[in-house]
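As structure tokens, the structure follows; a few thoughts come after it.
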Amino acid sequence: MTGSGETYDIAVVGAGTAGSIAAISAARLGARTIAVEKSGSIGGVLGLGMNLLGPSDGEGYWSLGGTGREAIERLRELGGATDLAYKPGRLSIIAQDPELLKLVLLIMARDAGLELLLHSMLVGVTAGDGDVSELHVANKAGVERVRARTVVDCSADADLVARAGGSFSFGRGTDRLTQPVSRIFRVGGVDLERMFNHLEKHPEDRVPARQDKQDPLPIEHLRGTPGVSFEGFGSLISKAKEAGDFDIPRSGMIVYIFPGRSDVGINVTRAQGVDGSDPRDLSRAEVETQLQMLTALRFLHEYVPGFEHAYISSAPHQLGVRESRHVTGLYTLTGEDVLSGRSFDDQIGRGSYPYDIHDVKSGGGMTVHTVERSFGIPLRCLLPVGLHNVSVGGRCISADHEAASSIRGQACCMVTGQAAGTVAALGAERGVALDEVPASDVQAVLRREGALLERTERVPDGAREVAGLVGRHR
Ligand SMILES: Cc1cc2nc3c(=O)[nH]c(=O)nc-3n(C[C@H](O)[C@H](O)[C@H](O)COP(=O)(O)OP(=O)(O)OC[C@H]3O[C@@H](n4cnc5c(N)ncnc54)[C@H](O)[C@@H]3O)c2cc1C
0 MTGSGETYDI AVVGAGTAGS IAAISAARLG ARTIAVEKSG SIGGVLGLGM NLLGPSDGEG
60 YWSLGGTGRE AIERLRELGG ATDLAYKPGR LSIIAQDPEL LKLVLLIMAR DAGLELLLHS
120 MLVGVTAGDG DVSELHVANK AGVERVRART VVDCSADADL VARAGGSFSF GRGTDRLTQP
180 VSRIFRVGGV DLERMFNHLE KHPEDRVPAR QDKQDPLPIE HLRGTPGVSF EGFGSLISKA
240 KEAGDFDIPR SGMIVYIFPG RSDVGINVTR AQGVDGSDPR DLSRAEVETQ LQMLTALRFL
300 HEYVPGFEHA YISSAPHQLG VRESRHVTGL YTLTGEDVLS GRSFDDQIGR GSYPYDIHDV
360 KSGGGMTVHT VERSFGIPLR CLLPVGLHNV SVGGRCISAD HEAASSIRGQ ACCMVTGQAA
420 GTVAALGAER GVALDEVPAS DVQAVLRREG ALLERTERVP DGAREVAGLV GRHR
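Note that numbering that gives the first Met the number 0 has the sequence shown beginning at 0, numbered continuously upward.
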């Protein structure tokens, strides 16, 4: 094994949605920080091209603050993000340009003095008595040792915690079933006006804004909201299935639109029963979902008005995994905590991405509930049981299957990323175990850095009007 011999204050594993924010936030606090990332860019699943859902709650209060909010603001200044809008079902949404977002994160990383070790994958650790002293990282140079005082697991699959012998549950716990995986891709050459005309004439092709409502998403909302996304084309998919033209286990297609552009993001591929931490399962799912893109393209050509001349314009470097390991932390967030908007004394931020479960079996549907009142995320969910110098951010923090369906949202991952980086920086500076850093100290630093720990900031009236909220929460 090779290695520079130097000891960093913090090593972050995975510079994705949570990890990039964790590492930037830690470096800004003056900690000598390195981020180890297996791909060649940063942002992870953030770069696949979905929208930022649930940066604010159903009652119109921001949840996303701090470094994550700053990234989105900087993206908006570059023309790569829309203003916050609401769907009629009171789900908040910001459309974003994934390629620009990756660059914004890169600029923030550079300016923070963060060291990036790209094309480098964590394959093992040296750990004893609950302390991780070295990461073993495989890259072009062989296997390298990276030493750090504290380490942050933002690998999404809890690779670091698993290698260090920490405990975790998998998927739904009892039966280990996980949400399916999907490959997002973009198609160009779309005639959006023709598509909207079809949707106007065929309300059955517009999924209602909320699970508890029957009315299809209003066409005025679809046409009038910059950066809108929607689930639709259910009747066309049924028709195609009957004709033997569509074998993807899905009953609807999610379309992401960015204002002024004729290419759209498509979320329709799906593979079930995939263990995101198993290379063979991942390989099978990559092949399956890549080939499904062809099925989807044929379906779009033959069945969906406006897509007759569509072509695949890009497909991101990786599959999107919704769920795998959940670290066992000092507290495990529950689905009930999420839906009741529970607050905690040691909360490090708030979440309001919907409770969003894609069927774990092959039904093809989804269960989605808007989070009306954002929920607090305890610091304890970021601290794995039995590991003293490790914090966790992103979709693998300590949460049950139901709570994880909300915690996995991009905004939540940015929130937990910033907190995981912050507690790691304080622990490294003080030379103490991370569970010995008082939550109030972590909270004080987070507040100073712009994080939102309470429901104090309302979204602008313009967005709230669409959701019918102006006047209700003055
Ligand atoms: C198909 C799909 C659709 C979604 N739609 C939406 C949506 O519309 N809106 C929304 O807000 N959220 C959505 N989400 C959820 C959200 O985008 C993700 O859950 C979130 O971005 C995950 O963030 P993360 O930091 O935990 O993981 P990631 O962003 O995946 O980051 C993990 C990083 O770690 C790296 N890594 C992994 N293992 C190692 C290792 N061993 N060594 C080194 N590096 C490693 C990876 O390369 C990656 O960069 C969706 C998710 C999926 C999969």
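Idealized CB from N, CA, C, for every residue including glycine.
From a predicted model like this one, the values you see are computed outputs, not experimental measurements.
With residue i and residue j assumed to form a contact (beta carbons below 8 Å), what rounded beta-carbon distance in angstroms separates them?
i: Val458; j: Leu83; result: 6 Å
i: Thr177; j: Val359; result: 6 Å
i: Leu451; j: Thr415; result: Not a contact, Cβ separation roughly 13 Å.
i: Gly64; j: Leu386; result: Actually they are not in contact, since the Cβ atoms of Gly64 and Leu386 sit about 28 Å apart, beyond 8 Å.
i: Val337; j: Ser405; result: 5 Å
i: Ile9; j: Ala147; result: 6 Å
i: Leu332; j: Ala398; result: 4 Å
i: Arg349; j: Ser62; result: 4 Å
i: Gly15; j: Leu45; result: 7 Å
Do residue j and residue i come within 8 Å of each other at the CB atom, strictly closer than that value?
i: Phe343; j: Pro315; result: no
i: Gly223; j: Phe257; result: no
i: Met120; j: Ala70; result: no
i: Asp246; j: Thr173; result: no
i: Ala419; j: Ser390; result: yes
i: Glu474; j: Tyr60; result: Outside the displayed range of the chain (0 to 473) lies residue 474, so it cannot be described from this structure.
i: Arg185; j: Ile265; result: yes
i: Glu133; j: Val142; result: no
i: Ile93; j: Lys86; result: no
i: Ser250; j: Gly364; result: yes
i: Thr32; j: Glu114; result: yes
i: Ala111; j: Ala163; result: no
i: Ala21; j: Val151; result: yes
Quick one: give me the first and last residue of the alpha helix (DSSP H) that residue i is part of.
i: Ser62; result: Taken as a continuous stretch (DSSP letters only), Ser62 belongs to no alpha helix (DSSP H), as it is neither H nor E.
i: His300; result: 278–302
i: Arg146; result: Unbroken run through Arg146 is the beta strand (DSSP E), 141–152; no alpha helix (DSSP H).
i: Gly334; result: 334–339
i: Ser439; result: 438–447
i: Asn196; result: 191–200
i: Ser19; result: 16–27
Could you check which residue in the options has the C-alpha nearest to that of residue i?
i: Gly272; options: Val320, Asp110, Met252; result: Val320
i: His197; options: Gly231, Ile106, Gly364; result: Gly231
i: Pro278; options: Arg185, Val422, Val122, Ile396; result: Val122
i: Ala30; options: Val422, Asp434, Gly449, Arg447; result: Val422
i: His135; options: Ala208, Gly4, Ala17, Leu102; result: Gly4
i: Leu90; options: Glu435, Met365, Ser351, Gly420; result: Ser351
i: Thr327; options: Pro304, Arg379, Thr369, Ala295; result: Arg379
i: Arg394; options: Arg109, Asp355, Val206; result: Asp355
i: Gly88; options: Gly187, Ala284, Gln213; result: Gln213
i: Arg324; options: Ala284, Ala309, Gly275, Gly334; result: Gly275
i: Tyr255; options: Glu98, His368, Gly48; result: Gly48
i: Leu100; options: Ala111, Arg109, Arg75; result: Arg75
i: Arg193; options: Val131, Ile183, His308, Asp345; result: His308
i: Gln417; options: Met0, Gly18, Thr6; result: Gly18
i: Gly408; options: Ser38, Ala34, Ala26, Gly53; result: Gly53
i: Asp262; options: Lys200, Thr6, Asp96; result: Asp96
i: Tyr330; options: Leu318, Arg171, Asp345, Pro248; result: Asp345
Note the first and the last residue of the continuous beta strand (DSSP E) segment covering residue i.
i: Glu114; result: 114–116
i: Asn266; result: 263–266
i: Thr32; result: 32–35
i: Gly350; result: 346–350
i: Thr125; result: 120–127
8 Å is my cut-off, CB to CB: does residue i come that close to chain C?
i: Thr288; result: Any reference to chain C falls outside this structure, which holds one protein chain only.
Those runs of the beta strand (DSSP E) which lie wholly inside the segment 211–244 and span at least 3 residues: 228–231
Contiguous beta strand (DSSP E) assignments of at least 3 residues, all confined to the segment 75–108: 91–93
Restricting to runs no shorter than 4 residues, where is the alpha helix (DSSP H) found entirely within the segment 152–181? 158–162
Those runs of the beta strand (DSSP E) which lie wholly inside the segment 337–416 and span at least 3 residues: 346–350, 354–357, 365–368, 374–377, 389–391
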